[in-house]
Amino acid sequence: MVAIYAEIVAMNLTILERIRQLVVRNSHPGDSPARLTNLRLVLFQLDRVGERLAFWNGRVRSLVETRLG
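First residue of the sequence shown? That's 108 in our numbering, and the numbers climb one at a time after it.
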């Protein structure tokens with residue numbers, strides 16, 4: 108699970124970078140609200156995946172400590 112969520116985070120960071128590039132290249136004043144809404148959605152999804160990744164990293168640590176302890 109950790110590897111899957113880490114891959115999703117990496118993919119979302121790639122998407123964010125691509126969005127940034129497109130925003131810089133295609134800046135139109137009227138597009139701003141829609142663009143911000145889309146960006147907020149991607150950031151929200153990235154935050155949720157980051158929370159899941161943190162959970163699974165913590166779970167792995169807990170299991171390792173239990174096994175070693």
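Ideal Cβ placement from N, Cα and C applies to all residues, glycine included.
Leaving aside the five residues before and after residue i along the sequence, list all residues of the same chain whose C-beta is less than 8 Å from its C-beta, in chain order.
i	result
Val167	Val109
Tell me which residues share the same chain as residue i and place their Cβ nearer than 7 Å to its Cβ, disregarding the 5 neighbours each side in the sequence.
i	result
Tyr112	Val156, Arg159, Leu160 and Trp163
Going by Cα to Cα distance, which pick from the options is closest to residue i?
i	options	result
Ala117	Val149, Ser139, Val131 and Ala141	Val149
Hey, residue i and residue j: beta-carbon distance below 8 Å or not?
i	j	result
Val69	Arg147	Outside the displayed range of the chain (108 to 176) lies residue 69, so it cannot be described from this structure.
Leu153	Leu175	no
To which residues of the same chain is residue i closer than 6 Å at the C-beta, ignoring the five residues directly before and after it?
i	result
Phe151	none
Ile115	Val156
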